[in-house]
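Novice: Before I ask anything, let me first share the structure, which is written out below as C-alpha cells.
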Amino acid sequence: MAGPTADGKVDMEHLAALRATLHQHAHQYYVLDAPQIPDAEYDKLFRELQAIEAAHPELISSDSPTQRVGGKPLDGFASVRHTVPMLSIRTETDTEASGAHNFDARVRKELALAPDAPPVEYVAEPKFDGLAINLRYEHGVLVQAATRGDGETGEDVTQNIRTIGQIPLKLNDAPPPLLEVRGEVYMRLDDFAALNERQRDKIAQGAKGEKTFVNPRNAAAGAVRQLDPAIAAQRPLSFFAYGLGDITPKANGGPVFKTHFEMLQTLKEWGFPVSALVGIAGGASELIAYHERLGKQRDSLGFDIDGVVYKVNSIALQRQMGFVTREPRWAVAHKYPAQEQLTTVLGIDIQVGRTGKLTPVAKLAPVFVGGVTVTNATLHNEDEARRKDVRVGDTVIVRRAGDVIPEVVSVLADKRVGSAAAFAMPRVCPVCGSAAVREEGEADYRCTGGLFCGAQRKQAILHFAQRRAVEVEGLGEKLVDQLIDNKVIKTLPDLYRLGFASLAQLDRMADKSAQNIVDALQKSKQTTLPRFLFGLGIRHVGEATAKELARHFGKLDGIIQASEEQLTEVADVGPIVAQSIRTFFDQPHNREVVEQLRACGLTWPEGEPTAVAAKPLAGKTFVITGTLPTMSRDEAKDLLEAAGAKVAGSVSKKTSYVVAGAEAGSKLDKAQELGISILDEVGLREMLNGSA
Ligand code: 9MJ
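According to our numbering, the sequence shown is numbered sequentially starting from 5.
What follows is the structure in C-alpha cells.
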C-alpha cells in the first residue's frame, strides 16, 4: 500500500483509490447494512487517508470520507430557496380501508377513467416519521442539504446532514450533473433508546442543559437543527430517499424516468438508502392490502411510521394530474391510528402484581390511542414516575405501540394547573397493609406480606404446594384459580381446612379427584423444615438457603426470632437475604399464617442448632494436587469449603496447606520450597474431623 512517495509527493491514484474504497465500504455498512470488511480494517484505511490529508491539506475535498464532521458551530442557519418547491402531501385521516378507496376514486375521476378501465398502478411506501430534507448534488458531490421549511424556503443544514453515514457525500455511477434527492431523516428506535440512555447518564452526572427526548421524531428534528455539528454528529440519524427535486438535464424537457418506482431503483444504484418496504400496488384493493400488511409490521420495523404513502406510479400520469395549492393530486398519506395522544391524569394507583411487585399506574381520562381506548398507563416504578414527574391533574402524552402496555411518555409541564404533590411510593402495600420495601440496587418496591397479601395469594399457594416445597399432589393452577375466584378459600391455611364436600362441589371435580386432593393435603402435613421454609416464599430464600437455615437453627422459632446479625452467620446468607427474612417475619400477618399452618397440623422434625463456630477451617487456604486414594478432588474441595476453608488453584506464600495425592507435580515441589505443610488424605480427614 503506497502512501506518500519517497520524495514526499502523494500518489494521486492511490489517494483516489483509497477514497473510493472507503466510500464503497461506508455504503456497504450504512446503506446496505452488509459490511464487507471488519471495522478495524475500515478504521485502518480511514486513518491512512487522514494521515495523507493531514500532511497535504490542499488535497482535502468536500466529498472525502474524512469530511463528515467538521466546521464550527453556527449562529444561525442560512436560508435556502428551493428551486423546485418541496411539496407536502395530502393526508387521508380516515384510517380505515375507505381511506384507500377514496384516494383511488379521486385518481380515477381526475384521469377520467371509465368504471371498467383497468386498475391504476401505484407505488406504496411507508410514511416515515421524521423530517423532510432536500439533498443537492452537483456532479455527484453533495453540496447542500436543506430542510423543507415552508416548502419555498428552508434552512441550510448541510453541516449536520453530512454527519449522517447513510447519506452519500459522493454518488456512484454517472448521476445527472445537477440532482436533488428528497427523503426523510429519522431516528431508529434502538438509536433513540440508546441516545436517551446516554442523556439520562449525563443528567445523573450533573451535566447542565441536557435533556431526554420525547420521541424519535423530536430527537431527529433537534439534531438536524442543531447549530453545533459536533453535537449533531453524536445523534444517530438515518435516512430514506423517496423523491426528486431539481434535476438537469430534463430529458427532452420531459421526465427522466417513466415511473416513480424506476426512479427509486435508480436512487438506490446511485447510493441512496431506499426502503425495502416500498411496493407496487394495482388499484384500491392492493393499496388496502399494503396498508393492512404494513400496519401489522408497524411495531417491529425498528422505526416509527405514522402511515403509508400512495403515489401514482406513472410520471406521465402524475404530470397530467398536477397539483392543488402545494399538494400533488397524485399522492396521499394514509394514516394509521396515532400511537401518542394527549390526556389528563385523574389519579395515580398502585398495582400489586402476583409476585408482590408494586407498580404505579396513571389513571387517565379515556383517550383513543393506538387503536384502543386507554384509561390506564404504567409509570413502571418509583424512579420513572419521579423522573417524569407525573402528578394528578397533569396533561400528559400517552403512548400505546402495538400490544405493549400503554405508558406515559412525558408531562406537558407548562399545562400544569393544579398544585398536586410530587409522586411518592407508599411504604405499605395498598392491598394488604404489609410493609413495602425497596432493596438496594433494585428499581421496584415489593409487598412483604407474601402469604397474606390478596394480590399474591394464588402465587403463594402454588409456591407452597409445589413438589419441591411441601408438595400437595394435584393442586395446580386451575384448581387454585377456582378455589380463590369462587371464594372457597382466602388464605393458605384455609387450604388445610377444606373438606371433601367443598372440593367435590367444584365444577368438573369428580368425587375421586376431590378425595385425592384431601389425601394429598393430609400427606403434605408431614414435611421437613427446609421444605416448609422454602414454601413460605420469602424473597431470596431458595431451597439451598432454606436448607442452610434449617441446619443452622434447627427449629423454626429460632429463625423467626433471629436478628439480622444472627442470620448472617448462616452460610450463604448475606445482609440482603438476612434483611428479607427479618422483614418477612416482622409482618404480623406472616407470623399469623405460620401459626395457623402449625395449628392445622403441619409438622416437621426439629433439631438442635448447629454451633455457630461450625467453621473450623475458616481463614485457611488449601491447594489440592495429585490423585487422592479414595476421594475425588471435587469431594475434597466440597468438604473443605463446607468447613469454611478456601480452595485455591496455585501455591503461594498465602497457602496454609497443600493436600497431595499420587503423581502430585510442580505444586508439591513449590509447597516444599516454601515450607508449606503438606497433608495426605488421612491427614485431611483428621483435619476435617477436628482431630488434627
Ligand atoms: C414520507 N414522509 O415517508 C413523501 N414520505 O412524497 C414519503 N413523504 C412525499 N413520500 C412527496 N414516503 C412529498 C412527500
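Every residue, glycine too, gets a C-beta built ideally from N, C-alpha and C.
Ligand 1 and Phe244: does any heavy atom of the ligand fall closer than 8 Å to the residue's C-beta?
Specialist: The answer is yes for Phe244.
Novice: Going by alpha carbons, who is nearest to Glu677 out of Val686, Ala666, Lys657 and Met691?
Specialist: It is Lys657.
Novice: So Pro233 and Gly134 are supposed to be a Cβ contact under 8 Å. How far apart are they, rounded?
Specialist: Not really, about 19 Å apart at Cβ, beyond 8 Å.
Novice: So, at 8 Å on beta carbons, what are the nonlocal neighbours of Val35 in its own chain, with the 5 sequence-adjacent residues on each side left out?
Specialist: Here the set comprises Gln170, Pro172, Gly275, Phe276 and Pro277.
Novice: Could you tell me which whole alpha helix (DSSP H) segments of length 4 or greater appear in the stretch 113-194?
Specialist: As far as the stretch 113-194 is concerned, its whole alpha helix (DSSP H) runs of at least 4 residues are 162-165.
Novice: Would Ile284 pass as a contact of Ala128 if the rule is Cβ separation under 9 Å?
Specialist: Yes, Cβ-Cβ distance for Ile284 and Ala128 is below 9 Å.
Novice: Quick one: does the C-beta of Leu91 sit closer than 8 Å to a heavy atom of ligand 1?
Specialist: Yes; taking the cut-off as 8 Å, the Cβ of Leu91 has a heavy atom of ligand 1 nearer than that.
Novice: Does the structure place the stretch 537-552 close enough to the stretch 483-495 that three or more beta carbon pairs sit under 8 Å?
Specialist: Flag = no, the stretch 483-495 and the stretch 537-552 do not touch.
Novice: Hey, quick one: how far does the beta strand (DSSP E) through Tyr33 stretch, first residue to last?
Specialist: From DSSP, Tyr33 is part of no beta strand (DSSP E); its letter is neither H nor E.
Novice: Give, in chain order, every unbroken run of the beta strand (DSSP E) that is at least 3 residues long and sits entirely within the stretch 49-104.
Specialist: Listed in chain order, the complete beta strand (DSSP E) runs (minimum 3 residues) inside the stretch 49-104 are 83-85.
Novice: Go ahead and pull the three-state DSSP assignment for Ala20.
Specialist: Here Ala20 sits in helix by DSSP.
Novice: Which residues bound the alpha helix (DSSP H) around His338?
Specialist: Where His338 is concerned, there is no enclosing alpha helix (DSSP H), although the beta strand (DSSP E) it sits in stretches over Ala335 to Lys339.
Novice: Which one or two residues does DSSP pair with Thr363 in a beta bridge?
Specialist: Paired residue(s): Gln355.
Novice: Between which two residues does the alpha helix (DSSP H) containing Thr270 stretch?
Specialist: It spans His264 to Trp274 - the alpha helix (DSSP H) in which Thr270 sits, taken as one unbroken run.
Novice: For Arg501, count the other beta carbons within 10 Å of its own beta carbon; 16 or more makes it buried, fewer makes it exposed. Which is it?
Specialist: Classification of Arg501: exposed, given that the 10 Å Cβ count is below 16.
Novice: Can you give me the start and stop residues for the alpha helix (DSSP H) that Arg391 sits inside?
Specialist: Unbroken alpha helix (DSSP H) run through Arg391: Glu386 to Lys392.
Novice: What do you get for Arg403, buried or exposed, if any count of 16 or more other CB atoms within 10 angstroms of its CB means buried?
Specialist: Answer is buried; the Cβ neighbour count reaches 16.
Novice: For Val396, which residues from the same chain have a beta carbon less than 8 Å from its beta carbon, with the 5 sequence-adjacent residues on both sides left out?
Specialist: Excluding residues within five positions, the ones whose Cβ falls inside 8 Å are Val349, Leu350, Gly351, Ile352, Gly422 and Ala424.
Novice: Taking 8 Å as the cut-off, is the C-beta of Arg323 nearer than that to any heavy atom in ligand 1?
Specialist: For ligand 1, not one heavy atom lies less than 8 Å from the Cβ of Arg323.
Novice: Taking Cβ positions, are Val365 and Leu455 nearer each other than 9 Å?
Specialist: No, Cβ-Cβ distance for Val365 and Leu455 is not below 9 Å.
Novice: Can we count Val313 as close to ligand 1, meaning its CB is less than 8 Å from some heavy atom?
Specialist: Result yes, Cβ under 8 Å from ligand 1.
Novice: Using a Cβ-Cβ cutoff of less than 7 Å, which residues in the same chain neighbour Gln148 once the five nearest sequence positions on both sides are dropped?
Specialist: Correct list, in chain order: Val84, Arg140, Asp160 and Thr162.
Novice: Is the beta carbon of Ser681 sitting closer than 9 Å to the one on Val651?
Specialist: Not in contact: Ser681 and Val651 (Cβ atoms no closer than 9 Å).
Novice: In or out: Gly453 buried (at least 16 other Cβ within 10 Å) or exposed?
Specialist: Buried is the call here.
Novice: What first and last residue would you give for the alpha helix (DSSP H) that runs through Tyr294?
Specialist: Element bounds for Tyr294: Gly287 to Gln301.
Novice: CA-CA distance, Ala225 and Ile493?
Specialist: Near 58 Å, if we compare the C-alpha coordinates of Ile493 and Ala225.
Novice: Cα separation between Gly694 and Glu685?
Specialist: Gly694 and Glu685: Cα-Cα distance of roughly 14 Å.
Novice: To the nearest angstrom, how far is it from the Cα of Val655 to the Cα of Gly360?
Specialist: Spanning the two alpha carbons is a distance of roughly 48 Å.
Novice: Hey, out of Leu560, Lys559 and Ile580, whose CA is closest to Glu569's CA?
Specialist: The candidate whose alpha carbon is nearest that of Glu569 is Ile580.
Novice: Note down the Cα distance separating Arg689 from Thr631, rounded to an integer number of angstroms.
Specialist: Using only the alpha carbons, I get a separation of about 15 Å.
Novice: Run through DSSP, which three-state label would Asp576 get?
Specialist: Coil at Asp576, not helix or strand.
Novice: Please find out if some non-hydrogen atom of ligand 1 comes closer than 8 Å to the beta-carbon of Arg186.
Specialist: The answer is yes for Arg186.
Novice: Measure the C-alpha to C-alpha separation of Leu268 and Glu296 and round it to an integer number of angstroms.
Specialist: Spanning the two alpha carbons is a distance of roughly 23 Å.
Novice: Is the stretch 544-559 touching the stretch 573-591 in the sense that three or more CB pairs, one from each, lie closer than 8 Å?
Specialist: Yes, the stretch 573-591 is in contact with the stretch 544-559.
Novice: Of all the options Asp638, Ala646 and Leu601, which has the alpha carbon lying nearest to the alpha carbon of Gly623?
Specialist: Per the Cα distances, Ala646.
Novice: Based on the DSSP secondary-structure assignment, which residues constitute the bridge partners of Thr329?
Specialist: Answer is none; Thr329 lacks a bridge partner.
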